[in-house]
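Written out below as structure tokens is the structure these notes cover.
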Amino acid sequence: MSSPNILMTSAPYHILSYGTLLGSTIFQSFIGGVIAFKSLPRAHFGQLQEKIFPYYFSLQTALPIILAVTYPSTTNALGATIAPGGVAGVTSAGNFWEVLVPVVGMTVSAAVNLVVVGPATTEVRRERVHLETKEGRKHEQTPRSAEMEKITKRFGMLHGVSTLLNLWGLVEMARYGVHLSRRLQYSKVF
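So the sequence shown is numbered by the numbering used here: it starts at 617 and just counts up by one.
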């Protein structure tokens, strides 16, 4: 039977936020995105991703912040707090490498994709589609015009940076998950 004050602790919200963050990242990166790429014509795939990414990167940016706010405190057997929760717990000296660095890494990688790299990639994709229409040929057709070579190279670079940022965030999620699993194993917080 659960204790009556379960909703008074931040632990359930913390776990649900972490699960949503990790699950949505894995799904979009390795399942949904891959299936859409293989199933849709390139133009439709690009349009779909253009609509999904702002929501996806927003979620990836917001959830680590929620993780920081809901980081549970640690109590002893008598119920006295021995380690702070919330942002104070995340930023405490003992949590620097296992909590603060991963949470900041997750947030920064997603925010850079949301604000800088994602919009730039979308703009270059639109420019490429416009150039394809103007030239009357797809970017993968050879030989390419010098302008098409340049824009395709720029798109590839931006897409690669976005992918690396996403991977960096995923690695930080896994690192944080290891810390979280240790807390679950050795703590009565959850």
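No residue lacks a Cβ here, since even glycine has one placed at the ideal position from N, Cα and C.
Neighbourhood of residue i by C-beta distance below 7 Å, restricted to the same chain and skipping five residues each side
i    : result
T625 : P688
T723 : T677, P680, I681
K750 : none
A652 : F661, L664
According to DSSP, residues forming a beta bridge with residue i
i    : result
T641 : Looking at the DSSP assignment, T641 forms no beta bridge with any residue, so it has no partner.
T690 : A699
Integer Cβ distance of residue i from residue j, believed to fall under 8 Å
i    : j    : result
S778 : T737 : 6 Å
G785 : T690 : About 26 Å separates the two Cβ atoms, so there is no contact after all.
G705 : A699 : 6 Å
I767 : E743 : 6 Å
V719 : A684 : 5 Å
L637 : M789 : 6 Å
F771 : R791 : No, F771 and R791 are not in contact; Cβ-Cβ is about 30 Å, not under 8 Å.
Span separating the alpha-carbon of residue i from that of residue j
i    : j    : result
V745 : G701 : 49 Å
T707 : G776 : 31 Å
F806 : F646 : Here the model assigns F806 a pLDDT of 48, short of 50, so the residue's position is not dependable and the matter cannot be decided.
P628 : G635 : 11 Å
P670 : V733 : 11 Å
L780 : R753 : 30 Å
G649 : G639 : 13 Å
G793 : L747 : 44 Å
H795 : V715 : 7 Å
N711 : T758 : 54 Å
A762 : E756 : 13 Å
L774 : I631 : 33 Å
A659 : Y672 : 20 Å
Residues of its chain near residue i, where Cβ-Cβ distance is below 6 Å and the 5 sequence neighbours each way are ignored
i    : result
Q801 : none
Residue i at chain C interface by Cβ criterion, 8 Å
i    : result
A684 : The structure shown contains no chain C; it holds only a single protein chain.
Contact test: residue i Cβ vs the ligand FAD heavy atom, cutoff 7 Å
i    : result
V740 : With respect to the ligand FAD, the structure shown offers nothing to examine, as it has no ligands at all.
Which full runs of the alpha helix (DSSP H) of 4+ residues lie inside the segment 750-794, going along the chain?
none
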